[in-house]
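Q:
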Ligand SMILES: Nc1ncnc2c1ncn2[C@@H]1O[C@H](COP(=O)(O)OP(=O)(O)OP(=O)(O)O)[C@@H](O)[C@H]1O
Ligand SMILES: [Mg+2]
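Numbering (the working numbering), first residue to last: -9 to 190.
1) Are the CB atoms of residue 165 and residue 119 within a distance shorter than 8 Å?
2) If you drop the 5 nearest sequence neighbours on each side, which residues of the same chain put their C-beta closer than 7 Å to that of residue 140?
3) Let's test the definition: count the other Cβ atoms within 10 Å of the Cβ of residue 136 and tell me whether it reaches 16, buried, or not, exposed.
4) Below 7 Å CB to CB, which residues in the same chain sit around residue 121 once its five sequence neighbours on both sides are set aside?
5) Can you give me the C-alpha to C-alpha distance between residue 12 and residue 177, rounded to a whole angstrom?
6) Can the beta-carbon of residue 74 be found closer than 8 Å to that of residue 84?
7) Apply the 10 Å Cβ neighbour rule to residue 97 and answer buried if 16 or more other Cβ atoms are within range, or exposed otherwise.
8) Run the CB neighbour count on residue 91, radius 10 Å, all protein chains shown included, and call it buried at 16 or more, exposed below.
9) Thinking just about the alpha-carbon of each residue, which of 112, 89, 114 and 111 is nearest to the one in residue 102?
10) Compare the Cα-Cα distances from residue 123 to each of 35, 27, 161 and 189 and report the closest residue.
11) When burial is assigned at 16 or more other CB atoms within 10 Å of the CB, is residue 131 buried or exposed?
12) Where does residue 179 sit, in a helix, a strand or coil, going by DSSP?
13) DSSP puts residue 83 in a beta bridge; with which residues?
14) Does the Cβ of residue 87 have 16 or more other Cβ atoms within 10 Å, making it buried, or fewer, making it exposed?
15) Should residue 49 be listed as close to ligand 2, given that the test is whether its C-beta is under 7 Å from any heavy atom?
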């Protein structure tokens, strides 16, 4: 257990917050996932939501599985990020069903197999739930450090797309103030098991 938060250095911050979430027990992870579904339902108007991207939890990330099940049950299309085979460092978002054939990517994370037919354009996605290592209440996000989400989501800012970005996180991932750079794409909201932070 680290007792003090390191200064504003990205790698040190990542190490600290990754360790925090990895210490959560399996029971805590399960209850956090259920609570997050409730926070999501209480705070997001699903009336016009047709397509939502999630991720498969890795490294102690908050598990969106209960939220994915909810969407499947309510005919909301679910997408998952897949490493873009054509553009290094980018992701594509691919349709995901319980029956989707999966493969393991270079990071050991399962992903649906992308094809011309199942990739959904960023502009056609209503909500993207992103994993994160740490967040602050201004909507700043620290990821795992690959820049994948930042590169992929840059067109949302450039083209002013309607796609909303929501970070999913455990409460222990909340940081006082994160260092940010020009390429970092901020979040519109963050959902934790106990709180919904809407960024003005
Ligand atoms: N739009 C972009 N174009 C080119 N390079 C980028 C872009 N966005 C980020 N990068 C590069 O990616 C690297 C990692 O970025 P950063 O530290 O913000 O990762 P992260 O936000 O933690 O990762 P992720 O986006 O995968 O969650 C940076 O050093 C930066 O050079
Ligand atoms: Mg970033």
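Ideal Cβ positions, reconstructed from N, Cα and C, are used throughout, including at glycine.
A: In short:
1) The count along the chain shown starts at 1 and reaches residue 119 at position 129. The count along the chain shown starts at 1 and reaches residue 165 at position 175. It is not a contact, given that the beta carbons lie outside the stated cut-off.
2) Numbered from its first residue, the chain shown carries residue 140 at position 150. These residues qualify, in order along the chain: 173, 174 and 175.
3) In the chain shown, the residue the question calls residue 136 occupies position 146. Per the 10 Å Cβ criterion, exposed.
4) Counting from 1 along the chain shown, the entry for residue 121 is found at position 131. The answer, listed in chain order, is 45, 51 and 158.
5) To locate residue 12, count along the chain shown from 1; it is residue 22. To locate residue 177, count along the chain shown from 1; it is residue 187. Taking the straight line joining both Cα atoms gives about 23 Å.
6) If you number the chain shown from 1, residue 74 lands on position 84. If you number the chain shown from 1, residue 84 lands on position 94. No, the Cβ-Cβ distance between residue 74 and residue 84 is not below 8 Å.
7) In the chain shown, counting from the first residue as 1, residue 97 sits at position 107. It is exposed - the Cβ of residue 97 has fewer than 16 other Cβ atoms within 10 Å.
8) Working through the chain shown from its first residue, we reach residue 91 at position 101. It counts as exposed.
9) Taking the first residue of the chain shown as 1, we reach residue 102 at position 112. Comparing Cα positions, the closest option is 89.
10) Looking up residue 123 in the chain shown gives position 133. Minimum Cα distance to residue 123 is reached at 161.
11) For this step, residue 131 is matched to residue 141 along the chain shown. Buried, by the Cβ-count rule.
12) For this step, residue 179 is matched to residue 189 along the chain shown. Note: residue 179 maps to strand in three-state DSSP.
13) Translated into positions along the chain shown, residue 83 becomes position 93. Residue 83 pairs with 71 and 110.
14) Stepping through the chain shown from its first residue, residue 87 is reached at position 97. Counting Cβ neighbours within 10 Å, residue 87 comes out exposed, since fewer than 16 surround it.
15) Your numbering for residue 49 matches position 59 in the chain shown. Residue 49 Cβ: outside cutoff for every heavy atom of ligand 2.
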